[in-house]
Amino acid sequence: MTSASVKPVPGPARRTVVAAAGAAGLTVALTACGGSDDDASSSSASSGGSTGSTGSTGGSESASTGGAAAGSALTTTAEIPEGGGKVFDAEKVVVVQPTAGEYKAFSAVCTHAGCAVKSVADGVINCPCHQSNFSVTDGSVKSGPATKPLPEVQITVSGDSISLA
546 MTSASVKPVP GPARRTVVAA AGAAGLTVAL TACGGSDDDA SSSSASSGGS
596 TGSTGSTGGS ESASTGGAAA GSALTTTAEI PEGGGKVFDA EKVVVVQPTA
646 GEYKAFSAVC THAGCAVKSV ADGVINCPCH QSNFSVTDGS VKSGPATKPL
696 PEVQITVSGD SISLA
């Protein structure tokens, strides 16, 4: 009576399984945390001039200064409350009115982890992901974990219309 010894069928090595699981986890983490802030911040981060306008009479201001969305009306001055603002998700821009008649815009992509800021209240632009807060006056960090300010985005105010520059 001879019986054949049972040998286990070789499968993937333990090292291969662990490496595959790690790669899959890294892919998920990078996809979830990665932001595509290249469009909003790279095109506007280098331009640091003043974007405010008194919004009084406007008149003959030209809105064709470049960019695909440039010149198209984004909102009206009546939509932006003093000390507050409005987030435009599709354009990845937040437009604010720090003081009466002064309008500014910043990237709506948080500099901490690439999340979109969601609200503006009491002079603060709020990111819900990790509770970073930014000043409506200059985009500077009021509370972290973000350490870099929101990049300024150029806008034009003509009459009561606010457009991307």
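In terms of our numbering, the sequence shown is residues 546 to 710.
Glycine included, C-beta positions come from ideal geometry on N, C-alpha and C.
Inset, instruction - Reducing DSSP to helix, strand and coil, say where residue 715 ends up. - result: Because the chain here runs from 546 to 710, residue 715 falls outside it and cannot be looked at.
Legend entry - Euclidean distance between Cα positions of residue 655 and residue 555: 49 angstroms
Inset, instruction - Assign residue 697 to buried or exposed, taking buried as 16 or more other Cβ atoms, counted over all protein chains shown, within 10 Å of its Cβ. - result: buried
Legend entry - Selected residue, minimal CA-CA separation from residue 634, among 651, 661, 621 and 620: 661
Inset, instruction - Mark residue 617 as exposed unless 16 or more other C-beta atoms lie within 10 angstroms of its C-beta, in which case mark it buried. - result: Here residue 617 is exposed: its Cβ has fewer than 16 other Cβ atoms, across all protein chains shown, within 10 Å.
Inset, instruction - Go through its chain and collect everything with a Cβ distance to residue 627's Cβ below 6 angstroms, but skip five positions before and after it. - result: For residue 627, where only same-chain residues beyond five positions count, the Cβ hits under 6 angstroms are 642 and 645.
Legend entry - Cutoff 8 angstroms; reference residue 666; Cβ partners in own chain excluding five residues on either side: 629
Legend entry - Residue interval of the beta strand (DSSP E) (run including residue 701): 700-703 is the span of the beta strand (DSSP E), which, as asked, contains residue 701.
Inset, instruction - Express the C-alpha separation of residue 699 and residue 591 in angstroms, rounding to a whole number. - result: Per-residue confidence for residue 591 stands at a pLDDT of 35, beneath the threshold of 50, marking its modelled position as unreliable; the derived number appears in the next sentence. Spanning the two alpha carbons is a distance of roughly 10 angstroms.
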